[in-house]
Amino acid sequence: MTTTEVAERIEVDAPVPEQEAGGRSANLTANLIQLVRKPGFLLAALYVVFVLVSAFWPRLFTSRDPYGTDPKSAMLSPSIDHLFGTDVYGRDLWSRVLYGSPLTIKATLIALGIALVAGLTLGVVSGFFAGVTDAILMRVVDVLLAIPGLLLALAIVTALGYGTIPVAVAVGVGIVPGFARTTRAEVLRVRTLPYVEAARAGGASWGRVLVRHILPNSWGPVAVLAVLDAGVAIIAIASLSFLGFGAAPPAAEWGTLIADGRNYLVTSWWLSLMPGLFVALLVLSLNHISKTLQELSR
Amino acid sequence: MRIFRPITAALSAAALLALAACGGGSSGSDEASGTPKSGGTLKVSFWPDNANFSCVDPFQVYWIEHRTIARNFADSLTDQDPETGKIVPWLAEKWEVSADGLAYTFHLKDGVTFSNGTPVDAQAVADDVAGWIATVKATNGAAYGASYIQGLSGAKVVDPKTVVLQLTKPNSSFLQATSTTNLAITDPAEFQLTPAQRCLGKGVIGSGLFVLDHYTPKVETVLTKRAGYNWGSELSTNRAEARLDKVIFNYVAEDSVRTGNLVSGAIDIAWPRNPFTPQDQKLIEKSGDTIQKRALPGVAYTLFANTTAGHPLSDPQVRKAFYKAIDVKTYSSTIFGADYPVVQSVFNSTTPYFKSESAKITFDPAAAKQILDAAGWTVGADGYRAKDGKVLSIDYPSALPIPGGELLQSQAKDVGIKLDLRPLTTAQSATYLTEGSYDLTSTYFTRADPGALQFIINPDVANSKALAQRVASPAETTQIQALFAKAIQTTDEKQAAQAYADLQDYLIDNAITFPLFERLQNAGISDKVHGFAFTSESFLKLNDVWKQ
Amino acid sequence: MTRYVAGRIAQALVVLWAAYTLTFAILYLLPSDPMQLQLAAAGVQEDSLTPDQVAAMKAEFGLDQSIWTQYWHHLGGALHGDFGISLTQRVPVTEMIGERIGPTLVLSASAAIVALVAGSALAYLATFVRWSLLRILFSRLPAVGASFPQFFVALFLIQFFSFQLGWFPATGSEGASSLVMPVITISVLASSVLAQVLIKSFDETLRQPYITTARAKGLSRSAVHLRHAFRNAALPAMTILGVIVGVTVTSSIVVETVFTREGVGRLAQEAVLSQDVPVVLAVVTIAASVFVLVNLIVDLIYPLLDPRISHTRGKVRAPAPAPALEGGTL
Numbered sequence: 001m002t003t004t005e006v007a008e009r010i011e012v013d014a015p016v017p018e019q020e021a022g023g024r025s026a027n028l029t030a031n032l033i034q035l036v037r038k039p040g041f042l043l044a045a046l047y048v049v050f051v052l053v054s055a056f057w058p059r060l061f062t063s064r065d066p067y068g069t070d071p072k073s074a075m076l077s078p079s080i081d082h083l084f085g086t087d088v089y090g091r092d093l094w095s096r097v098l099y100g101s102p103l104t105i106k107a108t109l110i111a112l113g114i115a116l117v118a119g120l121t122l123g124v125v126s127g128f129f130a131g132v133t134d135a136i137l138m139r140v141v142d143v144l145l146a147i148p149g150l151l152l153a154l155a156i157v158t159a160l161g162y163g164t165i166p167v168a169v170a171v172g173v174g175i176v177p178g179f180a181r182t183t184r185a186e187v188l189r190v191r192t193l194p195y196v197e198a199a200r201a202g203g204a205s206w207g208r209v210l211v212r213h214i215l216p217n218s219w220g221p222v223a224v225l226a227v228l229d230a231g232v233a234i235i236a237i238a239s240l241s242f243l244g245f246g247a248a249p250p251a252a253e254w255g256t257l258i259a260d261g262r263n264y265l266v267t268s269w270w271l272s273l274m275p276g277l278f279v280a281l282l283v284l285s286l287n288h289i290s291k292t293l294q295e296l297s298r
Numbered sequence: 001m002r003i004f005r006p007i008t009a010a011l012s013a014a015a016l017l018a019l020a021a022c023g024g025g026s027s028g029s030d031e032a033s034g035t036p037k038s039g040g041t042l043k044v045s046f047w048p049d050n051a052n053f054s055c056v057d058p059f060q061v062y063w064i065e066h067r068t069i070a071r072n073f074a075d076s077l078t079d080q081d082p083e084t085g086k087i088v089p090w091l092a093e094k095w096e097v098s099a100d101g102l103a104y105t106f107h108l109k110d111g112v113t114f115s116n117g118t119p120v121d122a123q124a125v126a127d128d129v130a131g132w133i134a135t136v137k138a139t140n141g142a143a144y145g146a147s148y149i150q151g152l153s154g155a156k157v158v159d160p161k162t163v164v165l166q167l168t169k170p171n172s173s174f175l176q177a178t179s180t181t182n183l184a185i186t187d188p189a190e191f192q193l194t195p196a197q198r199c200l201g202k203g204v205i206g207s208g209l210f211v212l213d214h215y216t217p218k219v220e221t222v223l224t225k226r227a228g229y230n231w232g233s234e235l236s237t238n239r240a241e242a243r244l245d246k247v248i249f250n251y252v253a254e255d256s257v258r259t260g261n262l263v264s265g266a267i268d269i270a271w272p273r274n275p276f277t278p279q280d281q282k283l284i285e286k287s288g289d290t291i292q293k294r295a296l297p298g299v300a301y302t303l304f305a306n307t308t309a310g311h312p313l314s315d316p317q318v319r320k321a322f323y324k325a326i327d328v329k330t331y332s333s334t335i336f337g338a339d340y341p342v343v344q345s346v347f348n349s350t351t352p353y354f355k356s357e358s359a360k361i362t363f364d365p366a367a368a369k370q371i372l373d374a375a376g377w378t379v380g381a382d383g384y385r386a387k388d389g390k391v392l393s394i395d396y397p398s399a400l401p402i403p404g405g406e407l408l409q410s411q412a413k414d415v416g417i418k419l420d421l422r423p424l425t426t427a428q429s430a431t432y433l434t435e436g437s438y439d440l441t442s443t444y445f446t447r448a449d450p451g452a453l454q455f456i457i458n459p460d461v462a463n464s465k466a467l468a469q470r471v472a473s474p475a476e477t478t479q480i481q482a483l484f485a486k487a488i489q490t491t492d493e494k495q496a497a498q499a500y501a502d503l504q505d506y507l508i509d510n511a512i513t514f515p516l517f518e519r520l521q522n523a524g525i526s527d528k529v530h531g532f533a534f535t536s537e538s539f540l541k542l543n544d545v546w547k548q
Numbered sequence: 001m002t003r004y005v006a007g008r009i010a011q012a013l014v015v016l017w018a019a020y021t022l023t024f025a026i027l028y029l030l031p032s033d034p035m036q037l038q039l040a041a042a043g044v045q046e047d048s049l050t051p052d053q054v055a056a057m058k059a060e061f062g063l064d065q066s067i068w069t070q071y072w073h074h075l076g077g078a079l080h081g082d083f084g085i086s087l088t089q090r091v092p093v094t095e096m097i098g099e100r101i102g103p104t105l106v107l108s109a110s111a112a113i114v115a116l117v118a119g120s121a122l123a124y125l126a127t128f129v130r131w132s133l134l135r136i137l138f139s140r141l142p143a144v145g146a147s148f149p150q151f152f153v154a155l156f157l158i159q160f161f162s163f164q165l166g167w168f169p170a171t172g173s174e175g176a177s178s179l180v181m182p183v184i185t186i187s188v189l190a191s192s193v194l195a196q197v198l199i200k201s202f203d204e205t206l207r208q209p210y211i212t213t214a215r216a217k218g219l220s221r222s223a224v225h226l227r228h229a230f231r232n233a234a235l236p237a238m239t240i241l242g243v244i245v246g247v248t249v250t251s252s253i254v255v256e257t258v259f260t261r262e263g264v265g266r267l268a269q270e271a272v273l274s275q276d277v278p279v280v281l282a283v284v285t286i287a288a289s290v291f292v293l294v295n296l297i298v299d300l301i302y303p304l305l306d307p308r309i310s311h312t313r314g315k316v317r318a319p320a321p322a323p324a325l326e327g328g329t330l
């Protein structure tokens, strides 16, 4: 028996992916059953699913044109015909919210994508290599944290111009530090677990250990954070749209819709309130889902 | 707060009717509400301060709100009656214009002083004239006052009370210019400071019934009462000291907050740039406060095209179709309410020599479609027209929200034109005109003289040469310049009227200007405020204002 | 210990410098011509100038120098507290900020204090109240507070308390009453963030063996909570003090805009939009300094308060990094 064979055997002795997967899927089923028993979680999940479905198939939930103006039926208060009422040009607000969903969801996904890629890379590299690399990267994160996020986002938006994508990029950059820190903490934790050390001792390359052991095991808390930060991103995107940097009209992100209604706050409160509640409910649902997942993982 | 007060509501309804009847004359002062009281602070809310150019110096400022402020701390040689357009004495008791129209002799009132005690004499006026000319030079013509002193070459002191202003060529609107806020007389010592310093209010001292206390850009401007003032023009009932002790102007970003502040009694006057929405009007009237309206004289809210080759609006057919695609009537009633006047010409209806073109400004989508079909623009699958693979899209950038922009967009879409509303950063807004990166832009100009339009579309004198050069083809521009020359360089009323009428026809016939809405200055007035009045430029006049 | 302190201070300074440089880089990489901005601020179109005049104006603002020269010039000035002249208003930036920083400091400090009190109280109730329904309500409240965009909260506070009830002024910075709604708006978010972290920390502390021991010793529930759990749980929460300060500073941008308050937040937003580089640099530097300073103080005090951190061999371990942010902050 050569040393390499020993190494291989040791590696096999470490929890192999298949076993791990089997254990996980069993866990998952148990978790799922537990989750379904929680009515709060179920409601939150259903609402998120509804928002997603209505974003891609708005026609299932509304038959009205979100862009066609009809001054005669302007400023109607919410009713069965117009769930969220109509805006100053007589457009149905409910269908404008639904047709506005893909834009906001797209922006949120871009922001999360940036945060995930950059945050994960920073966090993994930092946590994995430790030492000087870690110190330097964490200072970079400190610098990003030291500049007020909204200011940084404003500067980025002015640099890139207005629109959904620049706003998404700005928001994404703003939530990178959180991801980097969480990932780093997880990597640091997983790194010291016995089987990882065993795999390393067995001669597995850093890259292999990283991909096969560290990433899959650090993923949980990062995913929880991602769900939570989806909410943060939605609010940040809405805030930037409120300040006037969002999509060009007549397309409307949720933030733009809330912002547009603010000039009629005293007379037609629903123009701001309804889209505002729609968004807040979504953020709350994401927050709740994230929290429930977090509690489960303990 | 929500109690309906039938008497005041009826009053304001009557005021509205009167307005509709006279096409937006001044609603005058309502002295009927008891004996005027002295004292108190008036709080006025404007919309946000100018982001690019913070300025309260009367000669340099173009921002309407700040000209309103200037009116109340600096007096002019003459005043203009908002009802008749007549020029009446103010700092000058009387004046003579030479037969060739090149010399204006002003005889100044006795005993007038600036708020620092310096007398307002012939020397001060002459030094002001020199200062204006120097400022125009120092700012490369950017100072707004430049448009009021076309041809002014200097001034000669005859005696301490008599000064002669000299022109190199006749300027039929010069006398009116001396009544404007931009040519208000200030202590000439200010001209020792740089234009930028003066803009922030440093050294700016007038002879008005208030004194400029301080100006904090984007935050507030405060005026305090000038003791001993007694030289108001005959257009004010109260020609002596102001009734108010102090006036605070602040800048509120949200329309709803401005209106809400008025209705809840936190401020006394809400002074929006664009007219109140029908919803806000209802709210204000329901709370017992009133709305005063007056059409601002000068150029209406008008769209101007970029007709450089390669831009879609360089094609006269597209411009004509665009004309017919816009429904100005629905636009006005939707955005500003059913009783809002519809724009009739490139000039607001209160401008001298105004001629109604409403027979030509008609909404006709069928005709628009026909013109575009004939010009080879065919409708694609998405509803937008295209020619040679290029979609008919019109780029309309703006740093400020365009009132009713999305309604315009939807009207354009109905005939297959894609109107892109592109929000700009403040920084971009400073350069897009020079770069020519636009198809459509909008602007206006407030002045009780139709000559105002040449500062937009005549490249020789325009405030933005970049805009003026692109508004029309060189041949059209020559024609426009000829008509302006004919109207301005004359003392013959009839010739001026004819030339301005021809000009208004020409601009509409050739689809060079796209008037969108008549600009009404709105003011929401608290029921505690009395004696409100507009000046001829539709600015706020505080001489008779008092607070309960 | 001295080495640790010196190291932390040096680190803070490096972070500050990097934040300054990063902001400078972003602003200078903007696709606009600073010259054009200058001219626009003065109301001049560049096409109406002769090349000589353009050169003269560039020299006046130092724009004819290379980016490096400008950078060193700005940095040198900043070290002496001189942030240059505002491009759009041509007033010393230090003067502009000096005029506006008072109201912002008052707003931020009040909001931070209210948030600390409200957040701690909420977290305490959420873990202490025995009635489980109420407990769940309290523990979910922070999530609700963090789910509404701040401008939305502000607008509806105005609508209700100013326009409907007329209790507080909707705009302005005069008097204590104008402070009420802006402080509420900021502290709704800031206290939610704080409460979420505290609740988590409490829950973990309550599971610690020494709590069980304390309970077993017969200490009353409230005594255990106050004496042990609260004290120990509050420690990790200290590390997010910097975050709370960050939230209040960031919030001032939106809040000062909606409530039309005079302050640095609004100045910052306007300066970014008009690309008034010196002003933005100054505001970012000041905001970053506050943030870095608070974190530095926390880092320096933390080891003194936490008995678990050993001082062996003269080495002190820095506290764990602040827990990842939860709730709507950016």
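Protein chains in written order, with the UniProt record's numbering: chain E, 1 to 298; chain P, 1 to 548; chain U, 1 to 330. Just so you know, even glycine gets a beta-carbon here, dropped at the ideal spot from N, CA and C.
For residue i, the nearest candidate out of the options (CA to CA)
| i | options | result |
| --- | --- | --- |
| U/A249 | U/A78, U/R266 and U/V197 | It should be pointed out that residue 249 of chain U corresponds to Val in this sequence rather than to Ala. Measuring from the Cα of U/V249, the nearest candidate turns out to be U/R266. |
| P/I417 | P/A99, P/R319 and P/A533 | P/R319 |
| U/L235 | U/E174, U/L194, U/A271 and U/I85 | U/L194 |
| U/L141 | U/T285, U/T127, U/A154 and U/F152 | U/T127 |
| U/Y210 | U/S191, U/S222 and U/N232 | U/N232 |
| P/A99 | P/F539, P/Q123, P/S172 and P/N543 | P/S172 |
| P/D327 | P/S54, P/N238 and P/A412 | P/A412 |
Euclidean distance between Cα positions of residue i and residue j
| i | j | result |
| --- | --- | --- |
| P/L91 | P/G40 | 27 Å |
| U/A55 | P/A366 | 54 Å |
| P/N182 | P/D505 | 30 Å |
| E/N217 | E/V190 | 7 Å |
| P/L421 | U/R130 | 57 Å |
| residue 341 of chain U | P/A51 | No answer is possible for residue 341 of chain U: the residues shown for chain U start at 1 and end at 330. |
| P/T425 | E/R37 | 50 Å |
| P/D159 | P/T105 | 11 Å |
| E/W270 | U/S132 | 35 Å |
| E/A247 | P/V219 | 29 Å |
| P/K37 | P/G531 | 11 Å |
| E/V143 | E/G174 | 11 Å |
Same chain, Cβ closer than 8 Å to residue i, five either side skipped, listed in chain order
| i | result |
| --- | --- |
| P/S153 | I133, Q166, L167 and T168 |
| P/S76 | W90, L91, T178, S179, T180, T181, L183, A184 and I185 |
Neighbourhood of residue i by C-beta, 7 Å cutoff - its chain only, sequence neighbours within 5 removed
| i | result |
| --- | --- |
| P/F73 | G206, G208, F210, V211, L212 and L223 |
| E/V125 | T133 and L137 |
Spatial neighbours of residue i in its chain, beta-carbon cut-off 6 Å, leaving aside the 5 residues before and after
| i | result |
| --- | --- |
| P/K469 | It is worth fixing the name first, because residue 469 of chain P is Gln in this sequence and not Lys. These residues qualify, in order along the chain: P459. |
| E/V266 | none |
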